[in-house]
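Student: Got a structure here, written out as structure tokens. Questions coming.
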DNA sequence: CTAGGATCCTGTCAGC
DNA sequence: TGCTGACAGGATCCTA
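Residue numbers (this note's numbering): 5 to 286.
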């Protein structure tokens with residue numbers, strides 16, 4: 005579930021918390037969630053955190069990096085003098101940890117802890133030599149992010165999948181990096197494009213607009229602090245839905261389109277729940 | 001090569 | 001209450 009804005013929010017927030025700290029121990033509660041030996045990261049200090057599409061890369065001071073992918077339900081929850089939590093919004097953000105969804109626990113020398121929680125176990129943390137990060141299969145195959153692409157290049161990339169529904173194509177990280185199910189729906193709504201249109205029918209101007217939509221909706225979400233603890237739990241302790249801060253269609257089925265007043269409906273496209281305004285999106 | 005569907009896994013919710 | 005099926009903010013693998 006975490007998409008580019010959520011991962012970027014984690015990158016920024018977590019870096020504040022763990023930069024310079026030394027990992028003193030690693031506890032693995034689920035073997036498939038931590039790929040490789042934990043010994044190579046114990047004793048190392050955190051230098052930096054990078055992001056490639058939806059993947060996080062934690063760089064250590066011993067030439068080792070940890071590639072983390074949260075997939076559908078991953079969360080990073082830091083507990084120390086300061087607290088931070090981001091990723092799939094759930095009560096884990098404010099729960100006693102570790103709990104039954106905790107897959108990996110990173111302990112720091114000074115007593116703080118970082119929990120990698122992941123209900124569905126699709127996500128993972130994987131230590132790798134820092135110099136090998138760019139050669140990692142997933143990272144190496146990533147397309148540029150929307151800010152690093154011109155409309156023309158995006159249009160050409162869409163043309164390679166002209167028979168597939170445009171929504172399925174923009175969810176492909178080898179076509180454009182960062183969009184997931186929420187921001188794909190939001191970007192298509194922004195550009196007034198129906199998600200079932202074949203990618204081959206998208207004009208150069210529409211491709212440009214869709215690219216602008218991708219940038220805009222993700223920037224808005226990063227500004228809103230993409231599903232962090234701060235937005236999940238309001239000051240009075242009640243739950244807040246951070247989608248309310250920017251979503252025009254996602255999760256708004258049955259409500260009115262803010263552009264034209266028609267009802268937002270939920271359909272299925274390429275097996276994914278899809279939210280549209282049938283009047284606005286052609 | 002592309003397109004489409006199954007698959008990994010746990011948990012929740014609607015409906016009977 | 002218990003069961004069943006659908007669904008879930010991702011990506012890969014397999015088949016045609």
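Where is the CB? At the ideal position from N, CA and C, for every residue including glycine. A quick note: this is a predicted structure, and the numbers were derived from the prediction, not measured.
Could you work out which residue in 44, 72 and 14 is closest to residue 36 when comparing CA atoms only?
Tutor: In the first chain, the residue the question calls residue 36 occupies position 32. Ranking the options by Cα distance to residue 36, first place goes to 72.
Student: Short check: CB of residue 183 to CB of residue 7, under 8 Å?
Tutor: As a first step, residue 183 is located in the first chain; it is residue number 179 there, counting from the start. As a first step, residue 7 is located in the first chain; it is residue number 3 there, counting from the start. Yes, these two residues count as a Cβ contact at 8 Å.
Student: Where do the ends of the beta strand (DSSP E) carrying residue 192 lie?
Tutor: Looking up residue 192 in the first chain gives position 188. Note, residue 192: premise wrong, no beta strand (DSSP E); alpha helix (DSSP H) at 185-194.
Student: Do you know offhand how far residue 150's Cα is from residue 67's?
Tutor: Within the first chain, numbered from 1, the residue matching residue 150 stands at position 146. Within the first chain, numbered from 1, the residue matching residue 67 stands at position 63. Each residue's Cα considered, the two are about 30 Å apart.
Student: When the distance is taken between beta carbons, is residue 57 closer than 8 Å to residue 160?
Tutor: Locating residue 160 in the first chain gives position 156, where the first residue counts as 1. Locating residue 57 in the first chain gives position 53, where the first residue counts as 1. No, they are not a contact pair.
Student: Checking 8 Å against the spacing of the C-beta atoms, do residue 80 and residue 14 come in under that value?
Tutor: Position 76 of the first chain, counted from the first residue, corresponds to residue 80. Position 10 of the first chain, counted from the first residue, corresponds to residue 14. A contact, by the Cβ cut-off of 8 Å.
Student: Check whether the region 246-259 touches the region 151-170, counting contact only when three or more Cβ pairs, one atom from each stretch, lie closer than 8 Å.
Tutor: No: fewer than three Cβ pairs fall under 8 Å.
Student: Is residue 76 helix, strand or coil when you go by DSSP?
Tutor: As a first step, residue 76 is located in the first chain; it is residue number 72 there, counting from the start. It is coil, neither helix nor strand.
Student: Rounded to the nearest angstrom, what separates residue 271 and residue 98 at their Cα positions?
Tutor: Numbered from its first residue, the first chain carries residue 271 at position 267. Numbered from its first residue, the first chain carries residue 98 at position 94. Rounded to whole angstroms, residue 271 to residue 98 spans 33 Å at the Cα level.
Student: Could you check whether the region 164-173 touches the region 134-153, counting it as contact only if at least three pairs of C-beta atoms, one from each stretch, sit closer than 8 Å?
Tutor: Verdict: no, contact absent.
Student: With DSSP run on the structure shown, which of helix, strand or coil describes residue 158?
Tutor: Reading the first chain from its first residue, position 154 is the one you call residue 158. It is helical.
Student: Assuming residue 142 is part of the beta strand (DSSP E), what are its boundary residues?
Tutor: Reading the first chain from its first residue, position 138 is the one you call residue 142. Run containing residue 142: none in the beta strand (DSSP E); it sits in the alpha helix (DSSP H), 141-145.
Student: Could you tell me which residues DSSP puts in a beta bridge with residue 121?
Tutor: Counted from its first residue, the first chain places residue 121 at position 117. Bridge partners of residue 121: 79 and 106.
Student: With a CB to CB cut of under 7 Å and the five nearest residues on each side skipped, what residues in its chain are close to residue 65?
Tutor: Taking the first chain and counting its residues from 1, one reaches residue 65 at position 61. The residues are 48, 49 and 51.
Student: Under 6 Å Cβ to Cβ from residue 253, same chain only, skipping five residues before and after it: list those, please.
Tutor: Along the first chain, one-based indexing puts residue 253 at 249. Correct list, in chain order: 189, 193, 268 and 279.
Student: Just how far apart, CA to CA, sit residue 179 and residue 12?
Tutor: Position 175 of the first chain holds residue 179. Position 8 of the first chain holds residue 12. Their Cα atoms are separated by approximately 20 Å.
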